[in-house]
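One structure below.
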Amino acid sequence: MATVTTRAAYLRCIECGEEHEAWGTLTRCECGGLLEVVRDLSALDGDSLRRTWEARRLSLLPEDRSGVWRFRDLVAPLAASELVARAEGNTGLYPVPHLAALAGVSELRLKHEGENPTGSFKDRGMTVGVSVARKLGASNVACASTGNTSAALASYAALGGMGCVVLVPAGKTSPAKLSQALAYGARTLAVRGDFDVALELLQKLAPELGLYVLNSVNPWRLEGQKTIMFEVLEALEWEPPDWIIVPGGNLGNTAAFSKALLELRELGILDRLPRLAVVQAHGASPFARAYEGGWLELLPQRADTLATAIRIGNPVNYPKASRGVRALRGAVISVQDAEIMDAKALIDRSGIGCEPASAASLAGLRKLRESGVIDEDARVVAVLTGHVLKDPDATSEYHSGQAPNANPPIEVEADEAAIRAAIGDS
Ligand SMILES: *Cc1c(COP(=O)(O)O)cnc(C)c1O
Ligand SMILES: [Zn+2]
Numbered sequence: 000m001a002t003v004t005t006r007a008a009y010l011r012c013i014e015c016g017e018e019h020e021a022w023g024t025l026t027r028c029e030c031g032g033l034l035e036v037v038r039d040l041s042a043l044d045g046d047s048l049r050r051t052w053e054a055r056r057l058s059l060l061p062e063d064r065s066g067v068w069r070f071r072d073l074v075a076p077l078a079a080s081e082l083v084a085r086a087e088g089n090t091g092l093y094p095v096p097h098l099a100a101l102a103g104v105s106e107l108r109l110k111h112e113g114e115n116p117t118g119s120f121k122d123r124g125m126t127v128g129v130s131v132a133r134k135l136g137a138s139n140v141a142c143a144s145t146g147n148t149s150a151a152l153a154s155y156a157a158l159g160g161m162g163c164v165v166l167v168p169a170g171k172t173s174p175a176k177l178s179q180a181l182a183y184g185a186r187t188l189a190v191r192g193d194f195d196v197a198l199e200l201l202q203k204l205a206p207e208l209g210l211y212v213l214n215s216v217n218p219w220r221l222e223g224q225k226t227i228m229f230e231v232l233e234a235l236e237w238e239p240p241d242w243i244i245v246p247g248g249n250l251g252n253t254a255a256f257s258k259a260l261l262e263l264r265e266l267g268i269l270d271r272l273p274r275l276a277v278v279q280a281h282g283a284s285p286f287a288r289a290y291e292g293g294w295l296e297l298l299p300q301r302a303d304t305l306a307t308a309i310r311i312g313n314p315v316n317y318p319k320a321s322r323g324v325r326a327l328r329g330a331v332i333s334v335q336d337a338e339i340m341d342a343k344a345l346i347d348r349s350g351i352g353c354e355p356a357s358a359a360s361l362a363g364l365r366k367l368r369e370s371g372v373i374d375e376d377a378r379v380v381a382v383l384t385g386h387v388l389k390d391p392d393a394t395s396e397y398h399s400g401q402a403p404n405a406n407p408p409i410e411v412e413a414d415e416a417a418i419r420a421a422i423g424d425s
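To convert, note that position 378 of the sequence shown is 377 in numbering that gives the first Met the number 0; the numbers rise steadily by one, no gaps.
The structure is reproduced here in structure tokens:
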């Protein structure tokens, strides 16, 4: 078990079909198209894969204790010694019957990706992306980020002994996320512009500056993010829910989830597919608009939402994500920031907690239920993408205001009577 299965894998352009070797430094095809990782699934047997993944749960080897590398047969053909990993994944899947009742569905589970090492699902992508970068001999990795990508990349680059450059929109990143990038030692550029501009600049300058780009345009990152679906389905004994719901920003998860589910079906591990709902913030909803417009085109917009992790106006994974949503008979909607924050308060109050962007999934479920897209006997899994401490300012602000679920702090005099009165009042 010391070496990882080395099934051949290669990269293929989703636009022109051109094939590229697995271990090349290209993150896009020469034609500009997105690349995807392809492997020969006919050489794999679904039943034995399931048993192998299960057996690895008893192992203490680092490559088996990672919720990403336990599924390495469908992730990346690397040797155990090549991995830059820190036991990412293995996140909880929590049944929340009271939130199911509130949303009006028969079952709801929350998959909490905030439980990853740096507090978001980005770690699943970065363990793969950074391992590949090191195999390629890259000495410097880089990303543009609304915050969480930079936190994850900075951590994994440090662990892998590589230099790291991150570009974040100046003044538009939560201080908690920014502090992670600084702490892990990334050269951190606060760009006076939004995320979309920062990513464009980075992609343009990366070759000249010798930087290996690890935004979700990188196909290996998405291979890591597929494991969110592998863990969910495994926990449900491969019996798919009716719907999976995920917030959408740059649409890496949307692309990765659909690839994961289609692969599981091709391997005979799933006998039917769940449907996929993607939820955007109203102020950053180009994908929802493209869906409503019958997929005619993606019109980039200037993004604005308090859910900073999905404050993206020109999602780079649109071509993969739109195909994925179609293949899974999915739906895409947008919700208002106030709906996101109220849903977040409910998730937080249940004891689980998440950052604002994550709560778009519950806000979206309520809306999809109201409009009848999701029906009342549906079994639903909603993905919480980030940790409750990722954006403490947004949470404090919500609770100090007049919002429906606000729980404001009570300031009292330092004496017994005042404390007794304040507690007795509750
Ligand atoms: C990155 C991120 C998203 C957006 O995910 P995409 O794959 O880019 O659509 C959503 N929520 C959180 C917390 C994130 O960090
Ligand atoms: Zn191409």
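Glycine is no exception: its CB is placed at the ideal position from the N, C-alpha and C atoms. Quick caveat: nothing in here was measured; it's all calculated off a predicted structure.
For residue 243, the first and last residue of its enclosing beta strand (DSSP E): The residue you call residue 243 lines up with position 244 of the sequence shown. Counting along the chain, the beta strand (DSSP E) containing residue 243 begins and ends at 242 to 246.
Distance CB(residue 169)-CB(residue 189) smaller than 8 Å: Here residue 169 corresponds to residue number 170 of the sequence shown, with the count starting at 1. Here residue 189 corresponds to residue number 190 of the sequence shown, with the count starting at 1. The beta carbons of residue 169 and residue 189 sit closer together than 8 Å.
Neighbourhood of residue 259 by C-beta distance below 7 Å, restricted to the same chain and skipping five residues each side: As a position in the sequence shown, residue 259 is number 260, starting the count at 1. So the list reads 225, 228, 229, once near-sequence residues are dropped.
Alpha helix (DSSP H) segments (min. 4 residues) lying fully within the region 51 to 95: The region 51 to 95 contains these whole alpha helix (DSSP H) runs: 61 to 64.
Candidates 90, 66, 309, 331, of which the one nearest residue 288 by Cα: By one-based count along the sequence shown, residue 288 stands at place 289. Among 90, 66, 309, 331, the Cα nearest to that of residue 288 is on 331.
Residue 17 CB to nearest heavy atom of ligand 3 below 7 Å: Only ligand 1 and ligand 2 can be found as ligands here, which leaves ligand 3 out of the picture.
Beta-carbon spacing of residue 187, residue 308 below 8 Å: As a first step, residue 187 must be located in the sequence shown, where it is residue number 188. As a first step, residue 308 must be located in the sequence shown, where it is residue number 309. No, they are not a contact pair.
Residue 415 beta carbon near ligand 1 (any heavy atom closer than 7 Å): Looking up residue 415 in the sequence shown gives position 416. Taking 7 Å as the cut-off, one finds no heavy atom of ligand 1 near enough to the beta carbon of residue 415.
Selection from 122, 148, 365, 162 that minimises the alpha carbon distance to residue 133: The residue labelled residue 133 in the question sits at position 134 within the sequence shown. Nearest to residue 133 by C-alpha distance, out of 122, 148, 365, 162, is 162.
According to DSSP, residues forming a beta bridge with residue 387: Against the sequence shown, residue 387 aligns to sequence position 388. In DSSP, residue 387 forms no bridge with anything.
Proximity below 8 Å, CB of residue 358 to CB of residue 402: Counting from 1 along the sequence shown, the entry for residue 358 is found at position 359. Counting from 1 along the sequence shown, the entry for residue 402 is found at position 403. No Cβ-Cβ contact shorter than 8 Å links residue 358 with residue 402.
Heavy atom of ligand 2 within 7 Å of residue 14 beta-carbon: Here residue 14 refers to the residue found at position 15 when the sequence shown is read from its first residue. Taken from the Cβ of residue 14, at least one heavy atom of ligand 2 lies inside 7 Å.
Beta-bridge pairing of residue 139 - partner residues as DSSP gives them: Residue 139 sits at position 140 when you count from the first residue of the sequence shown. Residue 139 pairs with 162.
Straight-line Cα distance separating residue 414 from residue 120: Here residue 120 refers to the residue found at position 121 of the sequence shown. Here residue 414 refers to the residue found at position 415 of the sequence shown. Residue 120 and residue 414: Cα-Cα distance of roughly 45 Å.
Short Cβ contact (8 Å threshold) for residue 275 with residue 257: Looking up residue 275 in the sequence shown gives position 276. Looking up residue 257 in the sequence shown gives position 258. The answer is yes: Cβ separation under 8 Å.
Sufficient close CB pairs (3 or more, under 8 Å) joining the region 231 to 243 to the region 287 to 305: In short, these stretches do not touch, since the Cβ pair count stays below three.
Span separating the alpha-carbon of residue 266 from that of residue 41: For the purposes of this step, residue 266 is taken as residue 267 along the sequence shown, with counting starting at 1. For the purposes of this step, residue 41 is taken as residue 42 along the sequence shown, with counting starting at 1. Those two C-alpha atoms are separated by around 8 Å.
Bridge partner(s) assigned by DSSP for residue 332: The residue you call residue 332 lines up with position 333 of the sequence shown. Note: residue 332 is bridge-paired with 278 in the DSSP secondary-structure output.
Local Cβ density within 10 Å of residue 15, reported as buried at 16 or more and exposed below that: Taking the first residue of the sequence shown as 1, we reach residue 15 at position 16. With fewer than 16 other Cβ atoms within 10 Å, it is exposed.
Residue 36, enclosing beta strand (DSSP E) - first and last residue: As a position in the sequence shown, residue 36 is number 37, starting the count at 1. Per DSSP, the unbroken beta strand (DSSP E) holding residue 36 starts and ends at 34 to 38.
Nearest neighbour of residue 216, chosen from 313, 382, 369, 44 [CA to CA]: Within the sequence shown, residue 216 is the residue found at index 217, counting from 1. For the options 313, 382, 369, 44, the alpha carbon positioned closest to that of residue 216 is the one of 313.
Closest Cα partner of residue 29 within the set 36, 51, 17: Here the question's residue 29 lines up with position 30 in the sequence shown. Ranking 36, 51, 17 by Cα distance to residue 29 puts 17 first.
Bounding residues of the beta strand (DSSP E) (the contiguous stretch that carries residue 190): Locating residue 190 in the sequence shown gives position 191, counting from the first residue. Looking at the DSSP string, the run of the beta strand (DSSP E) that includes residue 190 is 186 to 190.
Rounded separation between residue 107 and residue 373 - CA only: Along the sequence shown, one-based indexing puts residue 107 at 108. Along the sequence shown, one-based indexing puts residue 373 at 374. Distance between the alpha carbons of residue 107 and residue 373: 12 Å.
Distance CB(residue 334)-CB(residue 253) smaller than 8 Å: In the sequence shown, residue 334 corresponds to position 335, counting from 1. In the sequence shown, residue 253 corresponds to position 254, counting from 1. For residue 334 and residue 253, no; Cβs fall outside 8 Å.
Beta-ladder partner(s) of residue 428, from DSSP: Within the shown structure, residues of the chain are numbered from 0 to 425, placing residue 428 beyond reach of any answer.
Neighbourhood of residue 421 by C-beta, 6 Å cutoff - its chain only, sequence neighbours within 5 removed: Within the sequence shown, the letter at position 422 stands for residue 421. In the same chain as residue 421, and ignoring 5 residues on each side of it, the C-beta atoms closer than 6 Å to its own belong to 409, 411, in chain order.
Rounded distance between the beta-carbons of residue 140 and residue 213, thought under 8 Å: Reading the sequence shown from its first residue, position 214 is the one you call residue 213. Reading the sequence shown from its first residue, position 141 is the one you call residue 140. Rounded, the Cβ-Cβ distance is 5 Å, consistent with contact.
Residue 176 and residue 150 closer than 8 Å at C-beta: Mapped onto the sequence shown, residue 176 falls at position 177. Mapped onto the sequence shown, residue 150 falls at position 151. Their beta carbons are under 8 Å apart, which means residue 176 touches residue 150 by this criterion.
Residue 375: first and last residue of the uninterrupted beta strand (DSSP E) it sits in: Locating residue 375 in the sequence shown gives position 376, where the first residue counts as 1. Run containing residue 375: none; DSSP gives neither H nor E here.
7 Å Cβ shell around residue 444 - same chain, five flanking residues per side excluded: Outside the modelled stretch of the chain, which goes from 0 to 425, sits residue 444, for which no answer is possible.
Contact under 8 Å by Cβ, residue 243 with residue 273: As a position in the sequence shown, residue 243 is number 244, starting the count at 1. As a position in the sequence shown, residue 273 is number 274, starting the count at 1. Against a cut-off of 8 Å, the Cβ pair of residue 273 and residue 243 comes out as a contact.
Closest residue to residue 126 among 320, 62, 93 (Cα-Cα distance): In the sequence shown, the residue the question calls residue 126 occupies position 127. Measuring from the Cα of residue 126, the nearest candidate turns out to be 62.
For residue 380, three-class secondary structure by DSSP: For the purposes of this step, residue 380 is identified with residue 381 of the sequence shown, where counting begins at 1. The three-state secondary structure of residue 380, taken from DSSP, is strand.
Supposed contact pair residue 92 and residue 72 - C-beta distance, whole angstroms, cut 8 Å: By 1-based counting over the sequence shown, the position of residue 72 is 73. By 1-based counting over the sequence shown, the position of residue 92 is 93. Residue 92 and residue 72 do not touch by the CB rule: their CB atoms are close to 22 Å apart, not below 8 Å.
Nearest neighbour of residue 320, chosen from 290, 301, 347 [CA to CA]: Against the sequence shown, residue 320 aligns to sequence position 321. The shortest Cα separation from residue 320 among 290, 301, 347 belongs to 290.
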